[in-house]
Each structure stands twice: as C-alpha cells, then as structure tokens.
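*Asks:* Respectively, the protein sequence lines represent chains A and B. Take the first sequence: its position 179, counting from 1, is numbered 179 in my numbering, and each next residue is one higher. Take the second sequence: its position 365, counting from 1, is numbered 365 in my numbering, and each next residue is one higher. For glycine and all other residues, C-beta sits at the position ideal for the given N, C-alpha and C. What you are looking at is a predicted structure, and each value in this text was computed from that prediction instead of being measured. Take a look at this one; I'll ask things after.
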Amino acid sequence: MASIAAIKQLIDKLGAEKVVAEKEDLLTLGYDSTPGLLHLPEVAVYPTTVADVQTVLGIARDEGMPVVPRGSGTGLSGGSVPHQGGVVLCLNRMNRILEIDEENLTATCEPGVITLDLFEAVADKGLFYPPDPGSQKISTLAGNVMENAGGLRGLKYGVTRDYVMALEAVLIDGSVVQTGGKSVKDVAGYAFKDLLCGSEGTLGIITGITLKLIPPPQTKTTMLAYFDAMPRAGEAVAKIIADKIIPSTLEIMDNATINCVEDYAGIGLPRQMAALLLIEVDGHPAVVAEEAAAVEKVLRSVGAAEFKVARDADEAASLAAARRTALSALARVSPTTLLEDATVPRSRLADTFAEIERLGEKFRLKVGTFGHAGDGNIHPTVLCDERDADEMERAHAFYHELYEKVLAWGGTVSGEHGIGIAKKDYLAKQIGPAGVAVMRRIKQSFDPQGLLNPGKIIAD
Amino acid sequence: MADKTKKQGNFAPGDAPTYESVLQCMRCGFCLPTCPTFVLTGRERSSPRGRVALARAVHEENLDFTEALKQESFFCLDCRACTTACPSGVKAGEVMEVCRSQSHQVFPGGHLSKSFRNFILKRMLPDPDLLEAGMLPARLYQRLGIQWLVRHSHILKLGPDWMDKAEGMLPKLDAPLRGQLPEMTPAKGEKRGRVAFFLGCVMTLLYPDVSRQTVRVLAGQGFDVVTPAQAKCCGAPHMSEGDRETTRELAKFNIDLFLSQDVDYIVTDCAGCGASLKEYEELLAEEEDHARLELFRSKVRDVNEFLSEVGLRTEELQEVKVSVTYHEPCHLCHAQNVSAQPRQLIRSIPGVEFREMKESSWCCGSAATWGLKFSEESQQVLDRKLANVAATDADYLVTTNPGCHLQLAWGLKQADMPQPVIHLMELLGRATPD
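This is the structure in structure tokens:
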C-alpha cells in the first residue's frame, strides 16, 4: 500500500508534474488491453531519467509499495495492471531514440520509444527493425521487450528477443545493471538480457535498450489463397515450410472471420471458403521470384480453391486488406472481444482449428480465428458480452479445454502475449511444479521483498 | 441518444452516453497515437481510451461526473481521428460531446463571458457602413450559431490571450453572403440536376467569396442551385458546447425546410455543417419519423463528395498552374469519411500539381472554440501541421472547412510562411470559366 507519506515523498523528490494521484488518472492507469481487468493503483509517476526510476524504487523499497511498470498499456495478459495497487511507473515520457549506429547496425533507445517510431527512424537510414506487434503504432519498446512481443514477421524474422543486444535495468536495490552490448558475439556470464526479456517487469525496470537492425529486403511478392477445407490450408502451410521456403508472412483466417470481414467491409470475399492464407515472400528479387513460384506450386498441389498473386504494391495492399481488417471486423460483432494466443507445432495447425470449431459448438460461442499460421500461433477470438455471466463462463471453459489440448500437443499457452495475470495457471500446467519453483527462486533472488510487479507470471 | 427512462449510473438525467457505446471499447489503444491531446500530454485520461473508460466508470458508479471529467470532455478536440482508428466502432468524440451536455446538467449556472460577447458583437460585424446599407439585417444575424455561442457560453472558458488570437484570425470582413445569393442559380450547359445549397453561418459571415464560388462551380457543373434564405444554423456550435436540445430544434427546422425543396441533393461547402447535417438522423432518432430522417440523410453531401460522386465535367475547365497541398478537415475525413474525393477533384483540375503532405488528416488545432480555450495546446498542434505544410513547399494550402481555414491562415501568417490558404471550391472556381 502506498501511504500518504510515500506520495508526498514522490512529489518532494520528483516534482508535482511527474506524480499523479487524482482518481481520473488512477482509473485510466488500472487497465491494459486485457478484457475484464481493472485495478486502481494508488499513485502513478512519469519518470524522465534513470535517476527518477531509482528514486521511485527507493521509496517503494522503504514503504513496501508494489511497483508496476507501464508503457502504453496495450498488453494482452495484464502485465501492466496494478492488481495489488501501489505505484504505476509510466515510462512513456522516456521516449528518445538515443543513437542509430550504422556501423554496428544497432539502435539504442529509452524504454518508452514507440515501436513504429523506431521502425520509421531506422527505415530513413535504409535499415530495418522487423518486430511488428499488432499494436506497433503505440506499443513501447520496453513493453515489447518485457512481453517478448511477436508480430506478423515472426516466422522469418523472429520476435523481439531476437533483436535485443543489450539492456539497462534498474533493480529494486537501486543498482543499475548493463547486460549485453554491441558485440555480435557475447557469451560472458549468465545471459541476463535473455532472462529479462519476457520477464514482465518482475525482475527489474528497463531504462535502456540496444536493438539489432538488419538490411531491409529488396522486394516482396504477396499472394492470397482460399481453401474449401481447413485441412487443406493446414497442409499448404506444412508443405510450404517442408519445401524449405520461409515466407515473411504466412497468415490465416477461418470461415467465421472471413464472414465477419465481409459483413463489415463488403470487399467481395467468398463467404463459403473454409480458410484464407495470406503469403508474402521477400528478399533478393531472384530469390523472391523462385520462392513465389514454389509457393504457387504447393498451393496447386494441395488443391487451393482460388489463388491470386499481386502484380504491384496496390494489388498487394488489396490482397492484404482482409487480414488487416480481421480484428476490426470481429471486434464490432459484440461488446466484448476475448483474444487468445494459443500456439502449437505447425503440424498441429489443422487439428487446432478443428478443435476450436468443436469447442465453439460445444460451448455455444461465436468464435473467429485468425493468426500467424506459419508460427502455429493463432488467435481464437470469442465474441461475447461481459454482462452475460453464463456466456463468460462458457468462454472461459472453452479456452480451458483448448489449452489442455494445445499443451497435450506440445504447444504453448502463449506465443506472443505473455503470461501476466491472465495465464498464470495455464503456465503452471505447462512448466509443472519444478518449473514454477525455479522461477520463484529466480524472482526471489532479484526481488526478495516481492515488490516488482508482484503476482505476475508465477502462480500463487 | 439516451433512453431517458433507463438508469444511467452516476450520469444526471437527460442526454448521457449509452452504456453500450462505452462497453464496446476493448481498450486496444489503437486510438492513442491518433489523439492530439494524448500526444501532447502523454496522459491516459486525456486519450480516447481513457475518456471512454471514465464515462464507463460513471456508468458503473465507480466515479461521479467530476469537474475533471467535464474538463476532459471539453479538452477533447472532437476531431474524431479516434473514430477512424477504432477497430471496434467506438465513437469517443461523440461520447465526449454527450458528456459536454452532462456538464450543463451537473454544473449549472455560470455566467456569460462578457468579453467574448463584446468581441463578437463589436469585431465580427462588418463595417457600420455596410450595416447602414442594410446588408446585415438583425434578424439574419439572430439565426447564426455565432450569436448563440455568445448568449449561451456559460462554461466557455477561454484561454489566455484568446482575444489577440481571435482578432488576428479574422479575415477582412465583407458583406455577408446570405441575402445576396439568389434563391435559384440556374445550371450552365447541359443540366444534370437540381441541388439545394446549405450556406453555413461562418461561410456567409467570414468567407462569402468562397461560397459564392461554390454556387458558381455547382452551376457550372450543370446543377440548378437553390439556396433557401431561411436556413438556420446547422447546430454544430451548440452541439460542440453541449446544448443538444437547441441542436435538435435547429435540426427539425432545417429538415422541414430542405425536405420541402424539390431537389436531388443537399450540398454544403463547410465540413462542420456537413458532419452536423449527417448526424441529424442519430440526434433525432427517438423523436422524428425515421423515413423522413433517412430521406434527409440520403440527400446530404459535402460538396467534394458530391462532385466526385456525380463526376467532375473537366472539358471546359481552364488551366490553373499552381502547386497545392491539402489539409483534411477532421469533420470531413473522420466524421464523414470523405478523404479520397477532394484529392480526386484537385488532381482533375488541369495544370494543378498536387503535393501530398505528411499527416494530412492530423487536426490543425482549431476545433470550433478549442483553439481559443486551449490556445497553448492549439499552437503546438498547429506547429506540427505547419511543419508538414512547409515540407511540401507548395504554392497554396487547400482545405475545405472554415474553422481550419481561419486557424491555418492565421498560423501561416504568424510563421511568416508564403502559402495562402484557399478552399477547394475557390481553386475549382478559378478553373471554371465564366
């Protein structure tokens, strides 16, 4: 609990303009993008320097006050929700890109830099920062690192972790650790930066990030295919990969999503189709031509019902329109949109879709599914109404049964959204008691008082 | 629109945001980077998602309708950029507009801003000579939304130095256009139809030459143009200040008036009026005959939307050798979803070189009286716009809304930038032969 004294100390040491405690502020800092979560902090601060962060942690330590870091609040598992109160540390004003190093191909940033701002800043210099989570227009880099965010380019280019070269973090004792650097190779000691990636603010507060940049692909080709049966779409995905082609985008939408998009946007999608695949290959023009031809061959061999190749950028944009509109179309159907991120080995993709369909019927729910087929990472989205308690219960039962199957198939309870509050119990099932125990020991050694984002990731 | 019998949490009786309208927010945050006030402050409560969350908290009785929420409802520019960005169809700007009307219920009283009234009355009227010449009969002025603002601005809190700014913004005033325009301007060339022209208050008072061009262009494009002299204010200023009842009265009057005209379309050259006319249907949904509302709505067009829809006759257009860039009025692109059409028109004018600016749909910071209430913030929003204009190095800055026109012209002058601001109909007017 934040005492009045703690708030006074924060104001004294940081200045009133960096500290807010009005109810209207607290109400709007008590959620992220996870449905159904709202817990008010007692105070929120907007640090602008590393010293500010140290000051806040010092006061928190003395007062025994929980500290919850927050970027833009677009997480999907409750990572930045202050469910035990305390202070929310809003890092969005620390938003400077400090350096773009064109010799070492790195960018060094403050934690609150917006993902897309970095993408555009490096693109101006002819460089490429691939991770592109769905919220990239507003998500912060530290938020991406803390949740180890993915995106549409994950299959070929990897996720946020794959681009983190160095981190600076303030620990609860006030010390600042630097881990990693600009060296391409670095095997010195424990890989703290890898431990910090995806740690959701439970181990330390990120105050600096150095990211790897790469040269952008020279060209790309966009293709769209429809299938009249889901297993055929699953087969297409598996065969493309088995043919040793790694597309930069390999996205899927099911029949329910196709119909929602058509209801909303009316762009002439064939409503009877079971699935749609959006495929992009990128790289050197010769390679792109060769890979596009190979993809086309696979699609014919598995019996895609329809197949289009974009001839130019405009046509590519129109082929991608359906996928781009998927979330909007689904979200308009009902007041509440539950978006999950079950992930399975690719070979289980068609099984997973079949299971989603079966469970949707069993629990009488409207479910649309889309996602990153190439990663086996899909978003079964339940369209419901949070005022309907019975429906919400059925929705939770749906996900519960689905995750049991996903785990049985060797999948994971989170491909890219993180664990936060929402999936602690699922994680415990996935990694077992031994896994939870070692996580707890790690947490203990970084944060013995349990003040940094308490109650996240690790099941109680 | 609220169902008046329904429980509305901690909202006062009367107009309140519906629970459904706030429940629909899934808090994805896609609105945040599009919101000028969030970008300025970085403060969640000054974002669309935050404002909707506050309205929801009032509904759920977790929050009273507080002074801070009132402030947020007026700090919102109502630019509707968040509506365009929202995947799930939440209209945060409209939610705040309704909250403004709650402000009147929850915080009644207040008093007229005398300096504001005096300013309008003394400075916004044309020369006494013109008055004497009977160019602005008092009864005409009474219908204007501007006068309403003067009389009813209980909670209109103006920012520091607003008067200097307002004075600097005013263009050189000419005789108002209303009363000068003929009731019917006949089509030229092959006739294509008959339209009613909705002449807005700000247009007739501050930009008579623009609307004169609009009528000329419409006639030149083959349309008989009927301009009903009795038309009243569209209601946008009242709506913007939270007086929904007066807006409804004006809406009913205008619907009656325009539906009694024998016209195919109702066309306006003011984006603010267009957005307002198109919202009559929703505003009156519970009081008026649905078929009539639908008929009215089906006829309303922004002039750019209209000309693009019927197809611009370009054979006779004269060459205009200038380079232009285009600023999208929020009430055109976000509120009416008219974005491609003005560009199409610009590109159709022979000789014109079109230069797209960055962030063309980012608000200019005018937003009705927002620019006078929050003059510092408005300047910051404007500076961002001006930098994007400067980067195009175009000869002219084209827009299609008087609020933007005032703010941009003032901003460009302050910044010593060379571009004149012109309405798209003025540009098209230059290309239209006599």
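Can the beta-carbon of B:Arg45 be found closer than 8 Å to that of A:Thr28?
*Replies:* In contact: B:Arg45 and A:Thr28 (Cβ atoms closer than 8 Å).
*Asks:* Please report how far the alpha carbon of A:Leu211 lies from the alpha carbon of A:Gly174, in whole angstroms.
*Replies:* If you take the alpha carbons of A:Leu211 and A:Gly174, they lie about 24 Å apart.
*Asks:* Which residue's Cα is closest to the Cα of B:Gly179: B:Ala196, B:Ala53 and B:Gln230?
*Replies:* Nearest C-alpha to B:Gly179: B:Gln230.
*Asks:* With three or more beta-carbon pairs closer than 8 Å as the criterion, would you say the stretch 200-210 of chain B touches the stretch 245-265 of chain B?
*Replies:* The answer is no - the stretch 245-265 of chain B does not touch the stretch 200-210 of chain B, with fewer than three Cβ pairs under 8 Å.
*Asks:* Can you check whether the CB of B:Gly189 is closer than 8 Å to the CB of B:Phe223?
*Replies:* Not in contact: B:Phe223 and B:Gly189 (Cβ atoms no closer than 8 Å).
*Asks:* For the structure I just gave you, are there three or more beta carbon pairs, one from the stretch 296-304 of chain A and one from the stretch 227-242 of chain A, closer than 8 Å?
*Replies:* With the cut-off at 8 Å, the stretch 296-304 of chain A and the stretch 227-242 of chain A touch.
*Asks:* Give a yes or no on whether the minimum CB-CB distance between B:Pro33 and chain A is below 8 Å.
*Replies:* So, interface residue.
*Asks:* So, with DSSP's three-state summary, where would you put A:Cys90?
*Replies:* Correct three-state label for A:Cys90: strand.
*Asks:* Tell me whether the beta-carbon of A:Ala397 lies closer than 8 Å to the beta-carbon of A:Phe363.
*Replies:* Contact flag set, yes.
*Asks:* Please say whether A:Val382 and A:Ala329 have beta carbons closer to each other than 8 Å?
*Replies:* Their beta carbons are not under 8 Å apart, which means A:Ala329 does not touch A:Val382 by this criterion.
*Asks:* Assign A:Tyr190 to buried or exposed, taking buried as 16 or more other Cβ atoms, counted over all protein chains shown, within 10 Å of its Cβ.
*Replies:* With fewer than 16 Cβ atoms within 10 Å of its Cβ, A:Tyr190 is classed as exposed.
*Asks:* With 16 as the cutoff for other CB atoms within 10 Å, does B:Pro87 come out buried or exposed?
*Replies:* Buried, by the Cβ-count rule.
*Asks:* When every heavy atom of the ligand COA is checked, does at least one fall within less than 7 Å of the C-beta of A:Ser175?
*Replies:* The ligand COA is absent from the structure shown, which contains no ligand whatsoever.
*Asks:* Once the 5 residues before and after A:Lys246 are set aside, which same chain residues still bring their CB inside 7 Å of it?
*Replies:* Note that residue 246 of chain A is Ile in the sequence shown, not Lys. Leu155 and Lys156, listed in sequence order.
*Asks:* What does a CB cutoff of less than 8 Å around A:Leu14 pick up in its chain, not counting 5 residues either side in sequence?
*Replies:* Closer than 8 Å at Cβ, skipping near neighbours: Val45, Pro47, Asp52, Thr55 and Val56.
*Asks:* Cα separation between A:Gly150 and A:Thr249?
*Replies:* Their Cα atoms are separated by approximately 12 Å.
*Asks:* Mark B:Asp15 as exposed unless 16 or more other C-beta atoms lie within 10 angstroms of its C-beta, in which case mark it buried.
*Replies:* Counting Cβ neighbours within 10 Å, B:Asp15 comes out buried, since at least 16 surround it.
*Asks:* For A:Glu291, decide whether its Cβ has a neighbour in chain B, counting only Cβ atoms nearer than 8 Å.
*Replies:* Answer no: the Cβ-Cβ gap between A:Glu291 and chain B never drops below 8 Å.
*Asks:* Short of 6 Å in beta carbon distance, which residues of its chain neighbour A:Gln136, apart from the five on each side in sequence? Order them along the chain.
*Replies:* Answer for A:Gln136: Thr115 and Leu116, listed in chain order.
*Asks:* What are the residues in the stretch 7-35 of chain B lying within 8 Å of chain A by C-beta distance?
*Replies:* From the stretch 7-35 of chain B, only Glu20, Leu23, Gln24, Met26, Arg27, Cys28, Gly29, Phe30, Leu32 and Pro33 have a Cβ closer than 8 Å to chain A.
*Asks:* Starting from the beta carbon of B:Ala53, find every residue of chain A whose beta carbon is closer than 9 Å, and list them in chain order.
*Replies:* Near B:Ala53 (Cβ distances below 9 Å), the residues of chain A are Leu27, Thr28, Gly30, Tyr31 and Leu38.
*Asks:* So, does the stretch 90-98 of chain A touch the stretch 68-77 of chain A, judging by three or more C-beta pairs under 8 Å?
*Replies:* Yes, the stretch 90-98 of chain A is in contact with the stretch 68-77 of chain A.
*Asks:* Name, in chain order, the residues that DSSP records as bridge partners for A:Met223.
*Replies:* For A:Met223, which the question treats as bridged, DSSP gives the partners A:Ile279 and A:Val309.
*Asks:* What alpha helix (DSSP H) runs, 4 residues minimum, are completely inside the stretch 58-139 of chain A?
*Replies:* Taking only runs of at least 4 residues, the alpha helix (DSSP H) segments lying wholly in the stretch 58-139 of chain A are 115-123.
*Asks:* Go to B:Asn254, then tell me how far its alpha helix (DSSP H) extends in each direction, as first and last residue.
*Replies:* Its alpha helix (DSSP H) spans residues Arg244 to Leu259.
*Asks:* Taking DSSP as the reference, what is the three-state secondary structure of B:Gln380?
*Replies:* Here B:Gln380 sits in helix by DSSP.
*Asks:* Less than 8 Å between CB atoms is the rule here; does A:Leu14 satisfy it with respect to chain B?
*Replies:* It does not: the Cβ of A:Leu14 has no partner Cβ on chain B nearer than 8 Å.
*Asks:* Would you verify that the beta carbon of A:Ser318 is, or is not, closer than 8 Å to some beta carbon of chain B?
*Replies:* Taking Cβ atoms only, chain B never reaches closer than 8 Å to A:Ser318, which makes this a no.
*Asks:* Nearest to B:Cys364 by alpha carbon, out of B:Thr37, B:Gln8 and B:Ile346?
*Replies:* The shortest C-alpha separation from B:Cys364 is found at B:Thr37.
*Asks:* Taking 8 Å as the threshold (beta carbon to beta carbon), is A:Phe446 in contact with chain B?
*Replies:* So, not an interface residue.
*Asks:* Along the chain, which unbroken stretches of the beta strand (DSSP E) at least 3 residues long are found entirely within the stretch 130-184 of chain A?
*Replies:* Runs found: 164-170 and 176-180.
*Asks:* So, are the CB atoms of B:Ala394 and B:Val324 less than 8 Å apart?
*Replies:* Cβ distance < 8 Å, so B:Ala394 and B:Val324 count as in contact.
*Asks:* Starting from B:Tyr396 and walking both ways along the beta strand (DSSP E), at which residues does that stretch end?
*Replies:* Counting along the chain, the beta strand (DSSP E) containing B:Tyr396 begins and ends at Tyr396 to Thr399.
*Asks:* Could you tell me whether the Cβ of B:Ser88 comes closer than 8 Å to any Cβ of chain A?
*Replies:* Yes - at least one Cβ of chain A is within 8 Å of the one on B:Ser88.
*Asks:* Can you check DSSP and say which residues form a bridge with B:Tyr265?
*Replies:* In the DSSP output, where bridge partners are listed per residue, B:Tyr265 has B:Val195.
*Asks:* Taking B:Pro176 as the reference, give the member of B:Leu170, B:Arg301 and B:Cys201 with the closest Cα.
*Replies:* Among B:Leu170, B:Arg301 and B:Cys201, the Cα nearest to that of B:Pro176 is on B:Cys201.
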